[in-house]
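Undergrad: Sharing a structure below in C-alpha coordinates format, with a few things to ask.
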Amino acid sequence: MGTPLSELFPGLSEVVDDILVIRSMHTGVNNPGQSIHAMNTGRTQRGRPALGSWFTFGLGADTDELPA
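Read in the working numbering, the sequence shown has 133 at position 63, and its numbers run on one by one without any break.
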(Lines of atoms letter the chains of each structure in order from A and count residues from 1; the text may use other names and numbers.)
(Lines give C-alpha, C1' and ligand atoms only; values in the text may rest on other atoms or scores of the structure.)
Protein backbone atom coordinates (compact mmCIF):
# COMPACT_ATOMS: atom_id res chain seq x y z
CA MET A 1 0.00 0.00 0.00
CA GLY A 2 1.39 3.37 -0.99
CA THR A 3 0.92 6.85 0.36
CA PRO A 4 -2.36 8.50 -0.69
CA LEU A 5 -1.85 11.77 -2.58
CA SER A 6 -4.22 14.60 -3.37
CA GLU A 7 -5.27 15.48 -6.91
CA LEU A 8 -4.58 19.13 -5.99
CA PHE A 9 -0.86 18.51 -6.54
CA PRO A 10 -0.61 16.60 -9.84
CA GLY A 11 3.19 16.90 -10.09
CA LEU A 12 3.67 15.40 -6.63
CA SER A 13 3.22 11.84 -7.91
CA GLU A 14 6.34 12.24 -10.04
CA VAL A 15 8.61 13.05 -7.07
CA VAL A 16 6.87 11.21 -4.21
CA ASP A 17 9.75 8.70 -4.00
CA ASP A 18 12.07 11.57 -3.02
CA ILE A 19 9.79 12.91 -0.24
CA LEU A 20 9.60 11.89 3.41
CA VAL A 21 6.02 11.97 4.74
CA ILE A 22 5.65 12.36 8.51
CA ARG A 23 2.22 11.01 9.38
CA SER A 24 2.31 11.58 13.13
CA MET A 25 3.72 14.37 15.25
CA HIS A 26 3.53 15.02 18.99
CA THR A 27 4.70 18.13 20.83
CA GLY A 28 2.87 17.98 24.15
CA VAL A 29 1.53 21.51 23.61
CA ASN A 30 -2.20 22.07 23.07
CA ASN A 31 -1.73 25.41 21.32
CA PRO A 32 -1.47 24.87 17.53
CA GLY A 33 0.63 28.01 17.02
CA GLN A 34 3.19 26.94 19.61
CA SER A 35 3.14 23.37 18.26
CA ILE A 36 3.98 24.55 14.73
CA HIS A 37 6.71 26.81 16.13
CA ALA A 38 8.12 23.89 18.14
CA MET A 39 8.14 21.72 15.02
CA ASN A 40 10.06 24.35 13.03
CA THR A 41 12.51 25.49 15.73
CA GLY A 42 12.66 22.78 18.39
CA ARG A 43 11.42 25.23 21.05
CA THR A 44 7.92 26.33 22.07
CA GLN A 45 9.04 29.84 23.04
CA ARG A 46 9.52 32.53 20.40
CA GLY A 47 12.94 33.97 19.64
CA ARG A 48 14.63 30.97 18.02
CA PRO A 49 15.28 30.90 14.24
CA ALA A 50 13.12 28.54 12.21
CA LEU A 51 14.46 25.87 9.87
CA GLY A 52 13.69 28.01 6.81
CA SER A 53 15.78 30.83 8.25
CA TRP A 54 18.75 28.49 8.63
CA PHE A 55 18.37 27.29 5.03
CA THR A 56 18.28 30.86 3.77
CA PHE A 57 21.30 31.76 5.91
CA GLY A 58 23.30 28.74 4.74
CA LEU A 59 22.30 28.66 1.08
CA GLY A 60 21.67 32.34 0.48
CA ALA A 61 18.57 33.96 -0.99
CA ASP A 62 17.74 34.05 -4.71
CA THR A 63 17.44 37.82 -4.52
CA ASP A 64 18.81 40.55 -2.28
CA GLU A 65 15.36 42.14 -1.98
CA LEU A 66 14.02 39.38 0.30
CA PRO A 67 14.82 39.41 4.01
CA ALA A 68 16.61 36.40 5.49
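For each residue, glycine too, the CB sits at the ideal point set by N, CA and C.
(1) Could you pull out every residue in the same chain whose Cβ sits closer than 6 angstroms to the Cβ of Thr114, ignoring the five residues on either side in sequence?
(2) If you run the structure through DSSP and keep just helix, strand and coil, what is Glu84?
(3) Under 7 angstroms Cβ to Cβ from Ala120, same chain only, skipping five residues before and after it: list those, please.
(4) Can you give the Cα-Cα distance for Leu75 and Arg116, rounded to whole angstroms?
TA: The structure says:
(1) Val99, Gln104, Ala108
(2) helix
(3) Asn110, Thr111
(4) 33 angstroms
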